[in-house]
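Visitor:
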Amino acid sequence: MKKFTFKGVLDGFRSTVSQQVKPEQEIIETLRPDHFNVKKTFRHGFPFQPTAIAFDPIQRLLAIGTKTGSLRILGRPGVDVHVKHDGESAVLQMQFLINEGALVSATADDTLHLWNFRQKIPQVVQSLKFQRERITFIHLPLQSKWLYVGTERGNIHVLHIETFVLSGYVINWNKAIEVSRKTHPGAVIHLSDNPLDLSKMLIGYESGQIVLWDLRLKSPDYRCQTTEPLKSISWHHDGKQFMCSHTDGSLSTWALRQLKPINVTHPHAKTTKDGVPEACKPIQKVEWKISRSGEAYVIFSGGLAYDTTGRTPSITVIQGKTTTVLEMEHNVVDFVTLCESPWTSDFQDPYAVVVLLHNDLVVIDLHSAGFPCFENPYPMDIHESPVTCCAYFADCPSDLIPAFYSVGSKTQKRTGFSESDWPISGGEWSPTSSSYNEIVLTGHADGSIKFWDASAGTLQVLYKLKTGKVFEKAKARSSDSDEDPLAVQLIFLCPESRKLAIVGSSRYVILFQYKKTEDQSEIVTLEIPSAHDAPAETECSPDYEYPPRGSLATEGGEEPQNPSFEYSFPLKVKTGPQRRAPGFQPIMVCLSPWINGEQPGNINALSLNSSYGLMAYGTETGLVIVDIIQRALLLIVTTQDLYASMDPSQRSLRSPKRYDERRDNEDKARSPSVDQINGVGVSSSASGKAMQGTGGGAAGGSGLPSRRPPAPDPVCRSRSQDKLDSSFTRSRSSSMSSLENITETINCLVFADSYTKKNEANAFPTLWIGTSQGSVLTVVFSAPSCGEQRHAQPIHVATYSGSMFKLKGSMLTISFLDCNGALIPYSYESWREEHLDSKDRNKTPTKSTSSGISPTLNVQVSGEGFGDRQFVVLTSEKQARVVALPSQTCMYKQQLADTDFVIKAEITSLKDSVCLVCYVSSGHIATYSLPSLRLLIDVDFLPLVDLSFQTTKRGIEDPMLSIWGQQLFVNEDTDLIARTFCFSNKGHGLYLTSPTEIQKFTVCNEFWADLTEMMGEIFICQEMPEPPKESFLRGLFGGGSRSLDREELFGESSGRASRTVAKHIPGPTTNNNGLREKANSAMGDVSHAHHMVVERGDKLSQLEDRTARMMSEAETFSQSAHGIMLKYKDKKWYQL
30 MKKFTFKGVL DGFRSTVSQQ VKPEQEIIET LRPDHFNVKK TFRHGFPFQP TAIAFDPIQR
90 LLAIGTKTGS LRILGRPGVD VHVKHDGESA VLQMQFLINE GALVSATADD TLHLWNFRQK
150 IPQVVQSLKF QRERITFIHL PLQSKWLYVG TERGNIHVLH IETFVLSGYV INWNKAIEVS
210 RKTHPGAVIH LSDNPLDLSK MLIGYESGQI VLWDLRLKSP DYRCQTTEPL KSISWHHDGK
270 QFMCSHTDGS LSTWALRQLK PINVTHPHAK TTKDGVPEAC KPIQKVEWKI SRSGEAYVIF
330 SGGLAYDTTG RTPSITVIQG KTTTVLEMEH NVVDFVTLCE SPWTSDFQDP YAVVVLLHND
390 LVVIDLHSAG FPCFENPYPM DIHESPVTCC AYFADCPSDL IPAFYSVGSK TQKRTGFSES
450 DWPISGGEWS PTSSSYNEIV LTGHADGSIK FWDASAGTLQ VLYKLKTGKV FEKAKARSSD
510 SDEDPLAVQL IFLCPESRKL AIVGSSRYVI LFQYKKTEDQ SEIVTLEIPS AHDAPAETEC
570 SPDYEYPPRG SLATEGGEEP QNPSFEYSFP LKVKTGPQRR APGFQPIMVC LSPWINGEQP
630 GNINALSLNS SYGLMAYGTE TGLVIVDIIQ RALLLIVTTQ DLYASMDPSQ RSLRSPKRYD
690 ERRDNEDKAR SPSVDQINGV GVSSSASGKA MQGTGGGAAG GSGLPSRRPP APDPVCRSRS
750 QDKLDSSFTR SRSSSMSSLE NITETINCLV FADSYTKKNE ANAFPTLWIG TSQGSVLTVV
810 FSAPSCGEQR HAQPIHVATY SGSMFKLKGS MLTISFLDCN GALIPYSYES WREEHLDSKD
870 RNKTPTKSTS SGISPTLNVQ VSGEGFGDRQ FVVLTSEKQA RVVALPSQTC MYKQQLADTD
930 FVIKAEITSL KDSVCLVCYV SSGHIATYSL PSLRLLIDVD FLPLVDLSFQ TTKRGIEDPM
990 LSIWGQQLFV NEDTDLIART FCFSNKGHGL YLTSPTEIQK FTVCNEFWAD LTEMMGEIFI
1050 CQEMPEPPKE SFLRGLFGGG SRSLDREELF GESSGRASRT VAKHIPGPTT NNNGLREKAN
1110 SAMGDVSHAH HMVVERGDKL SQLEDRTARM MSEAETFSQS AHGIMLKYKD KKWYQL
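Just so you know, we're using the working numbering here: the sequence shown kicks off at 30 and counts up by one.
#1: What residue range is occupied by the uninterrupted alpha helix (DSSP H) comprising Tyr434?
#2: From what residue to what residue does the alpha helix (DSSP H) around Phe364 run?
#3: Can you grab the Cα-Cα spacing for the pair Ala135 / Leu488, in whole Å?
#4: Can you give me the Cβ contacts of Ser320 inside the same chain, cut-off strictly under 8 Å, excluding the 5 residues immediately before and after it?
#5: Is the CB-CB distance between Lys314 and Asp363 below 8 Å?
#6: Count the other CB atoms within 10 Å of the CB of Cys815; is the residue buried (16 or more) or exposed (fewer)?
#7: Look up Gly896 in the DSSP assignment and say whether it is helix, strand or coil.
#8: Check whether the Cβ of Cys944 lies closer than 7 Å to any heavy atom of the ligand COA, and answer yes or no.
#9: Cβ atoms of Ser905 and Gly831: under 8 Å apart, would you say?
#10: Where does Ala1150 sit, in a helix, a strand or coil, going by DSSP?
#11: Could you tell me the boundaries of the beta strand (DSSP E) in which Trp242 lies?
#12: Less than 8 Å separating the beta-carbons of Ile93 and Leu385?
#13: Straight-line CA distance for Thr341 to Asn360?
#14: In chain order, what residues of the same chain have a beta carbon less than 7 Å from the beta carbon of Glu117, not counting five sequence neighbours either side?
#15: Taking the DSSP output, what are the residues bridged to Lys113?
#16: Tell me whether the beta-carbon of Leu529 lies closer than 8 Å to the beta-carbon of Phe541.
#17: Taking the alpha carbon of Gly533 as the reference point, which residue from Thr496, Glu858, Thr546 and Asp138 has its own alpha carbon closest?
#18: With 16 other CB atoms within 10 Å as the buried threshold, where does His1093 fall?
#19: Could you tell me the alpha carbon to alpha carbon distance between Arg660 and Pro606, rounded to whole angstroms?
#20: Does the contact criterion of 3 or more C-beta pairs under 8 Å hold for the region 156-164 versus the region 205-212?
#21: Are there three or more Cβ pairs, one per stretch, closer than 8 Å when the region 139-152 is compared with the region 1080-1088?
#22: Cα separation between Ser961 and Lys493?
#23: For Asp941, which of helix, strand or coil comes out of DSSP?
#24: Suppose you measure from the CA of Gly1152 to the CA of Phe1146; what does that come to, to the nearest Å?
#25: So the beta strand (DSSP E) Thr341 belongs to, where does it begin and stop?
#26: Would you identify the three-state DSSP class for Thr1022, choosing helix, strand or coil?
#27: Is it the case that the region 453-467 contacts the region 99-108, given that we only count it when at least three CB pairs across the two stretches are under 8 Å?
#28: Among Thr785, Ser597, Pro258 and Ala516, which residue has its Cα nearest to the Cα of Gln1199?
#29: Answer yes if the region 427-444 comes into contact with the region 74-89, meaning at least three C-beta pairs across the two stretches below 8 Å, and no otherwise.
#30: If I follow the unbroken beta strand (DSSP E) through Lys544, where does it start and stop?
#31: Classify Trp797 as helix, strand or coil using the three-state DSSP reduction.
#32: Can you tell me the Cα-Cα spacing of Pro460 and Thr1009, whole angstroms?
#33: Do you know whose CA, among Arg963, Thr828, His953 and Ala792, lies nearest Leu914's CA?
#34: Assuming Met920 is part of the beta strand (DSSP E), what are its boundary residues?
#35: Once you ignore the five residues that flank Thr59 on each side, which residues in its own chain have a CB closer than 6 Å to its CB?
#36: From which residue to which residue does the alpha helix (DSSP H) around Asn223 run?
Shown next as structure tokens:
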């Protein structure tokens, strides 16, 4: 009797499952893990939720801090650096160490950070976290190494910048105020030195208490109390007066030694009948500057009356006796006045005001009449209308950027700006010569599309296209609708043919064609019915025109044929010839009707092929294919009918639900080896209703709406619930049984010359379709005619393939490789001028270095030989497969995610090869080699929660999980994240990191290594201007400026602060610096020892030479002595 073992059972299972077939000829894959390095590169746009601003008048650099802890340093165009504090604490205040290449920032977690930006990428040198007090204000005097820190308790601490150690010198609030005061003065909101006496520091408390503190005597020198709470203080340059702003919209001017203000004004308040100024909003900040001509500038924000119409935020400039109110479009966060001199004791001579708004950065020219604004050279207007989708094209045709710029410069003529040079001009940047061009397209909620030049690390707007001009002016949008009717949801650009297709939120598709000159043309409008409304077999023949004219919109006031269904279009296309500006001009619009006031399903996929002259888009109910040459509807079919493996002219009506039930029964009866051998999930032959147009004219109408299946429940339309229906994509409890029947939507469309049948000898024009249930379907077309015949002979749909492959999860992307593993370029028709008649059908050089289809690759399957010419790479949310065509053999497969799911996947070129790049919901980016799908890297890159600002917080509560006090939330809006997360060639990518910013990144290690060469220099050595010279009379009578030895006051003699006050945090570079210093010291010791050895050898050599010389001299002397001896040996004394 045969003995059963666990190993035997496993072997039996293995024998029933066919393994992946490996090709006899292995493809050499050149990509290695060390070729990859996932890093963020450049950030563009306006800093989201700004909170603070600072300016270095010598370096001419501007710093902006945000609520999330980000820090942007801006200089001349091209000098733009982004760094971020650890954690998510907001930046409260910043101070430049003027002309020293350093910056101090205070964050909401009561931590001070010292940044060094002498290198291209700023780094934190060290930090100090206060333990028991909250930081409210910091002040760093010019050329001082001691930073004053005011706290919420009213105390002032002194910090040494270089060592980041607190001094023992502390100004306690109870010693600063009068003894008779019985209340706490509040938090410190202002600290500044007297411009002429640095030993006196002005302290402003929130309650209105003002103290002039003598640093040497450690006692108050002067006190005063304002009647209204205090907001800010600004010195006059003579050091004898200062101005305060208050919460009641007033400005008060004070002279030292006087207990009452010498002047109180309400700049924007009108006097009421009772003689009392009307209530005004607080003046948040005031600055008092003097020009060299002696003219005073008082600049402040806020202070307008509460009943002012619109309550517009403003900046007010009082120049002499002239008051100018500059209205702002957004709330004012902060402002700073730019002055020629950094010395507070000198005439500041202001020339501009930088105003940081909640959603914009405005720079006002004070030297021009009317105070016009400078034209902002930074791409700060990305969020002019909310970004709804992005498209990224790296290595695009070289003539594309000049073409977009030429039409953009004609249409965008901006006037009313200052003619002076942009004042924030620090740093140095020279555009590096890039070997390829990059273009970014952003779609917006108002229907506009912006074209950006993203080459060489910059972002410059080239051209703006307003798609809303296609439609007549719509009525006011209802308040209960959260969706903008013109919002751009999908963008498809063919760079070579310069054809552009977009999908709007009102379920329409617009096709544009690029033209260099102005034109006058009429738009062809196709009214596309729902796929369920297509006619049945008895009502449609090859000669039948569909849709019948006047069925959607009745003609001549006739009654509609189906009174139970009301069809309407929320947007109406402008009729008649219209003047079109140069650029992308609309040529065709496809509209989907609203049925009984219900909006049609989303359009989830869009594709076009200029070589075939076809455009296709997928909806929640089916597929639409349009002939863009003849501008006619070619095919409309439901997703279920695409499974019918037969000629589309044979039709019968069938309920989608009944189809799903039969399919489920077939899935249960099917052997598992079928799917695992070939990945084929072919359903039974079933016919369905579809519509194949005959071309010519606009289409509109419904076939048999009375026979249309009932509309699915709205809750079943989300993508997240689509995932819930599949056991591979989301965990699901028994309570989810109501979500079993979920609409299968089309998520992916790709045109290609490929094979759909086994042993097929020739490739045919094919549309590959990926669905939300992981099915891969195909539609084959007849070969398109060439030249002028294409305008007369339409393309015909040859056949549906039915379900060719089945993957786990929703389909994301489909790509094709040749037998050498190179990406097969898509076919296109080159763009040409109107007067040119030649058409070139080429392969795009930007997608791959290969040309055409390579020789066949022999693969042996079940003893039969197939000549495979292609690989198709199928990627879903859960897995990826590489299938050889035409044999339809699964060569490689890879599980991309288990508990998570892939949000975005793309085939990208890198180092003359290709790879699959995936962004997973876990926040990881993974890359796989092709065609073997070998994992190269898996790196934690970007948590999905960081992109949650794009999603609406809607989800499904699982009652089974709530028993344990847990809830399952599934965001249906990962589609929104996928629309703004892009991969492109050369390993580049970008995503919308905030509603106002775009972040670029790379997975290429070579590009990351060369990144610093593309970045601008932030810090440039500049000479410090000389301090103002004192006049003879002022120095004679003691009115000159007085210096202060801060080292003597705050140094070691004052002791050290308690360790419980603050904790020192070494910067990330401190340990590296220590190791570097030790290494340098060791190298120095070794060098010194080596030098000593060499020196000793030299001395020994010199000693040896000296010894040899002495021996030679001794021998010479001996010989001379011996000769003398012999000469006088035999002579007598009298012979001498």
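Beta carbons are placed, not taken as given, at the ideal position from N, Cα and C, and that holds for glycine. Predicted model only: the values in this text are computed from it and were never measured.
Guide: Quick look at the numbers:
#1: On the sequence shown, residue 434 is found 405 positions in, with the first residue counted as 1. Leu429 to Thr440 is the span of the alpha helix (DSSP H), which, as asked, contains Tyr434.
#2: What you label residue 364 is simply residue 335 of the sequence shown in a count that begins at 1. Not the alpha helix (DSSP H): Phe364 falls in the beta strand (DSSP E), residues Val361 to Cys368.
#3: Position 106 of the sequence shown, counted from the start, is the residue given in the question as residue 135. Position 459 of the sequence shown, counted from the start, is the residue given in the question as residue 488. Approximately 30 Å between the Cα atoms of the pair.
#4: By 1-based counting over the sequence shown, the position of residue 320 is 291. Excluding residues within five positions, the ones whose Cβ falls inside 8 Å are Tyr326, Phe376, Gln377, Asp378 and Pro379.
#5: Working through the sequence shown from its first residue, we reach residue 314 at position 285. Working through the sequence shown from its first residue, we reach residue 363 at position 334. The answer is yes: Cβ separation under 8 Å.
#6: In the sequence shown, residue 815 corresponds to position 786, counting from 1. Flag for Cys815 reads exposed.
#7: For the purposes of this step, residue 896 is taken as the residue at position 867 of the sequence shown. In this structure, Gly896 counts as strand in the three-state DSSP scheme.
#8: Looking for the ligand COA in the displayed structure turns up nothing, as the structure carries no ligands at all.
#9: Residue 831 sits at position 802 when you count from the first residue of the sequence shown. Residue 905 sits at position 876 when you count from the first residue of the sequence shown. Not a contact, by the Cβ cut-off of 8 Å.
#10: Start at 1 with the first residue of the sequence shown, and residue 1150 comes out as number 1121. Ala1150 falls in the helix class under three-state DSSP.
#11: Position 213 of the sequence shown holds residue 242. Trp242 -> beta strand (DSSP E) spans Gln238 to Asp243.
#12: Here residue 93 refers to the residue found at position 64 when the sequence shown is read from its first residue. Here residue 385 refers to the residue found at position 356 when the sequence shown is read from its first residue. A contact, by the Cβ cut-off of 8 Å.
#13: What you label residue 341 is simply residue 312 of the sequence shown in a count that begins at 1. What you label residue 360 is simply residue 331 of the sequence shown in a count that begins at 1. The alpha-carbon atoms of Thr341 and Asn360 are separated by roughly 8 Å.
#14: Along the sequence shown, read from residue 1 onward, the residue named residue 117 stands at position 88. Thr97 and Gly98, listed in sequence order.
#15: On the sequence shown, residue 113 is found 84 positions in, with the first residue counted as 1. Looking at the DSSP assignment, Lys113 forms a beta bridge with Ser99.
#16: Within the sequence shown, numbered from 1, the residue matching residue 529 stands at position 500. Within the sequence shown, numbered from 1, the residue matching residue 541 stands at position 512. Taking 8 Å as the Cβ cut-off, Leu529 and Phe541 qualify as a contacting pair.
#17: Within the sequence shown, the letter at position 504 stands for residue 533. Answer by Cα proximity: Thr496.
#18: Taking the first residue of the sequence shown as position 1, residue 1093 is located at position 1064. Its Cβ having fewer than 16 others within 10 Å, His1093 is exposed.
#19: Sequence index remark: in the sequence shown, residue 660 carries index 631 (1-based). Sequence index remark: in the sequence shown, residue 606 carries index 577 (1-based). Approximately 17 Å between the Cα atoms of the pair.
#20: no
#21: no
#22: Counted from its first residue, the sequence shown places residue 961 at position 932. Counted from its first residue, the sequence shown places residue 493 at position 464. Answer to the nearest angstrom: the Cα atoms are 42 Å apart.
#23: Within the sequence shown, numbered from 1, the residue matching residue 941 stands at position 912. Correct three-state label for Asp941: coil.
#24: In the sequence shown, the residue the question calls residue 1152 occupies position 1123. In the sequence shown, the residue the question calls residue 1146 occupies position 1117. Spanning the two alpha carbons is a distance of roughly 10 Å.
#25: Sequence index remark: in the sequence shown, residue 341 carries index 312 (1-based). Unbroken run through Thr341: none, as it is neither H nor E.
#26: Within the sequence shown, numbered from 1, the residue matching residue 1022 stands at position 993. Strand.
#27: yes
#28: It is not possible to answer for residue 1199, since the shown part of the chain is limited to 30 through 1165.
#29: no
#30: In the sequence shown, the residue the question calls residue 544 occupies position 515. Looking at the DSSP string, the run of the beta strand (DSSP E) that includes Lys544 is Tyr537 to Lys544.
#31: On the sequence shown, position 768 is the one that residue 797 refers to. The answer is strand: DSSP assigns Trp797 an E or B state.
#32: As a first step, residue 460 must be located in the sequence shown, where it is residue number 431. As a first step, residue 1009 must be located in the sequence shown, where it is residue number 980. Cα to Cα, the separation comes out at about 27 Å.
#33: Counting from 1 along the sequence shown, the entry for residue 914 is found at position 885. It is Ala792.
#34: For the purposes of this step, residue 920 is taken as residue 891 along the sequence shown, with counting starting at 1. Start and end: Thr918 to Gln924.
#35: For the purposes of this step, residue 59 is taken as the residue at position 30 of the sequence shown. These residues qualify, in order along the chain: Ser942.
#36: As a working note, residue 223 is residue 194 in the sequence shown. Where Asn223 is concerned, there is no enclosing alpha helix (DSSP H), given that its DSSP letter is neither H nor E.
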